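Asks:
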Amino acid sequence: MKILFLLFPLILLLVQGASGERQTGCRQRGGYCTYGRCDFPARPIGRCSLYSVCCK
């Protein structure tokens, strides 16, 4: 049980780092991250996080 207390911060750091990779991948594809919907004429090409969309 004590090891779970130590592993929890490590898991949070890994998840936080993964979201940065998604944003970087969006920018590498020529897109940008936004919350909600993409403004016209942009279209969604992926997701940056749970609540943000990658638009191009």
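When the letters of the sequence shown are read in order and numbered with mature numbering (1 follows the signal peptide of the UniProt record, and there is no 0), they come out as residues -20 to -1, 1 to 36. Backbone N, C-alpha and C fix where the C-beta goes; we use that ideal spot for every residue, glycine too. Computed from a predicted model, the values in this text were never measured in an experiment.
1) Please report the distance separating the alpha-carbon of C35 from that of S29.
2) Could you have a look at C6 and say whether DSSP puts it in helix, strand or coil?
3) Thinking C18 and Q3 are a contact (beta carbons under 8 Å), I'd like their distance in whole angstroms, please.
4) For P21, which three-state DSSP category applies?
Replies: Checking against the coordinates, here is how it stands:
1) Distance between the alpha carbons of C35 and S29: 12 Å.
2) In the structure shown, C6 sits in a helix (DSSP, three-state: H, G or I).
3) Going by Cβ atoms, the distance from C18 to Q3 rounds to 15 Å, so no, they are not a contact pair.
4) Looking at P21 - three-state DSSP - the assignment turns out to be coil, as it is neither helix nor strand.
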